[in-house]
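First comes the structure, then the notes that go with it.
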Amino acid sequence: MKSKTVFLTLLGLAVMGCANVIVVATLTPQPAFAQTGEARAIVDRAIRDGLVGETATGYLQLVTGAADPKIVNAMNEVNIRRKSVYTELARRQNVQVKVVAALAGEKQIAKASRGDRVLTKEGRWVTVQ
Numbered sequence: 000m001k002s003k004t005v006f007l008t009l010l011g012l013a014v015m016g017c018a019n020v021i022v023v024a025t026l027t028p029q030p031a032f033a034q035t036g037e038a039r040a041i042v043d044r045a046i047r048d049g050l051v052g053e054t055a056t057g058y059l060q061l062v063t064g065a066a067d068p069k070i071v072n073a074m075n076e077v078n079i080r081r082k083s084v085y086t087e088l089a090r091r092q093n094v095q096v097k098v099v100a101a102l103a104g105e106k107q108i109a110k111a112s113r114g115d116r117v118l119t120k121e122g123r124w125v126t127v128q
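Below, the structure is given as structure tokens:
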């Protein structure tokens with residue numbers, strides 16, 4: 000594991016429909032959102048430029064629908080690595096991957112910087128104020 004690996008702790012509440020049981024899961028990815036430095040740098044620049052934004056689903060998405068292939072490739076690399084982390088966490092916690100991804104998405108949106116673009120659950124791109 001690289002020393003620059005970012006650690007992310009998610010505290011998630013998963014509500015099980017059967018018998019009104021509430022399960023509290025602490026989701027802690029160890030490799031976290033590990034990305035290569037180059038891909039992360041490209042994505043960070045694209046986020047600052049308003050070309051890429053965080054979504055409530057836990058993945059990055061193009062804001063405009065079109066971008067330089069280098070940006071698209073870097074974004075896809077980050078998303079693939081995120082999905083890998085989410086999948087491992089979901090397996091360990093016995094929850095669906097989309098639950099882990101949504102919790103991560105909420106956390107990423109909450110820590111978005113002023114001027115960043117985020118896609119709301121309603122499907123609207125907004126600029127963080």
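The numbers in the sequence shown follow numbering that gives the first Met the number 0, run straight up by one, and end at 128.
Note that the Cβ used here is the ideal one computed from N, Cα and C, for glycine as well.
No experiment lies behind these values; they were computed from the predicted model shown.
C-alpha distance - residue i paired with residue j, whole-angstrom precision
i    : j    : result
D43  : L50  : 10 Å
N93  : A101 : 15 Å
A33  : G52  : Only weak support exists for where A33 lies, its pLDDT of 47 falling under 50; the coordinates are left without a value.
G104 : V71  : 19 Å
A65  : V96  : 27 Å
L118 : V99  : 17 Å
L88  : G114 : 30 Å
Spatially closest choice to residue i from the options, by CA coordinates
i    : options                  : result
R80  : T35, T126, Q128 and K106 : T35
A73  : L61, V99, R39 and A111   : R39
R123 : I46, A55, E37 and R47    : A55
T63  : V98, R116, L88 and N78   : R116
Q60  : D48, D67 and N78         : N78
K82  : Q128, R91 and Y58        : Y58
Beta carbon of residue i nearer than 8 Å to that of residue j
i   : j   : result
K69 : I41 : yes
Range covered by the beta strand (DSSP E) that runs through residue i
i    : result
V127 : No beta strand (DSSP E) contains V127, which DSSP labels as neither H nor E.
Inset, instruction - Please specify which runs of the alpha helix (DSSP H), each continuous and at least 4 residues long, are wholly inside the segment 34 to 62, giving them in chain order. - result: 36 to 47
Legend entry - beta strand (DSSP E) runs wholly inside the segment 56 to 116, at least 3 long, in chain order: 59 to 61
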